[in-house]
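Counting in UniProt numbering, the sequence shown runs without a single skipped number right up to 110 at its last residue.
Input: a single structure, listed below in structure tokens.
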Amino acid sequence: MSQPVSSSDFRRVSPHVVKVQPRRISQFKSTREMVVILRDLVLTHKLYFEAGFIHRNISEENTWIMEGESEGEGGQMLVAGALLELDSCHWCRRYTRGADDDAMEVLDVD
Numbered sequence: 001m002s003q004p005v006s007s008s009d010f011r012r013v014s015p016h017v018v019k020v021q022p023r024r025i026s027q028f029k030s031t032r033e034m035v036v037i038l039r040d041l042v043l044t045h046k047l048y049f050e051a052g053f054i055h056r057n058i059s060e061e062n063t064w065i066m067e068g069e070s071e072g073e074g075g076q077m078l079v080a081g082a083l084l085e086l087d088s089c090h091w092c093r094r095y096t097r098g099a100d101d102d103a104m105e106v107l108d109v110d
């Protein structure tokens, strides 16, 4: 099993994030939490694709569990999956003019 990730390790990757405790995806606490995390990762990947990007490097190093407290009185712990490391993404969207403004063509990136 992977070693816990310290806050300082994460800040090196993303210094603008505060009040969030990241964990490796292998450090899930329950089956329900793992399902929520995987759902978030699939949705994130879908949104990247719809925005025109192919991630190309989905691995444990790039998939994180973000845990933090909600703001306000009696804040509850919130957990979400995050798909990071967009440096190796490829642009995969080419717009075409025509009746359908949402038309896109996926390019071969290899």
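In this text, a Cβ means the ideal position worked out from N, Cα and C, and glycines have one as well.
Element boundaries [alpha helix (DSSP H), containing residue i]
| i | result |
| --- | --- |
| Val-79 | Element bounds for Val-79: not the alpha helix (DSSP H) but the beta strand (DSSP E), 77 to 83. |
| Ile-37 | 31 to 50 |
Nonlocal neighbours in the same chain, by C-beta distance under 6 Å from residue i, ignoring five residues either side
| i | result |
| --- | --- |
| Cys-89 | Phe-53, His-55 |
| Ala-80 | Asp-40, Met-66 |
| Val-20 | Met-66, Gly-68 |
| Arg-23 | Ile-65 |
Local Cβ density within 10 Å of residue i, reported as buried at 16 or more and exposed below that
| i | result |
| --- | --- |
| Thr-63 | buried |
| Arg-32 | exposed |
Own chain partners of residue i with C-beta closer than 8 Å, once the 5 adjacent residues on each side are dropped
| i | result |
| --- | --- |
| Ile-58 | Leu-41, His-45, Leu-83 |
Own chain, CB closer than 7 Å to residue i, minus 5 neighbours either side, in chain order
| i | result |
| --- | --- |
| Phe-28 | Met-34, Ile-37, Ile-65 |
First and last residue of the uninterrupted beta strand (DSSP E) at residue i
| i | result |
| --- | --- |
| Arg-23 | 21 to 24 |
| Ile-65 | 63 to 69 |
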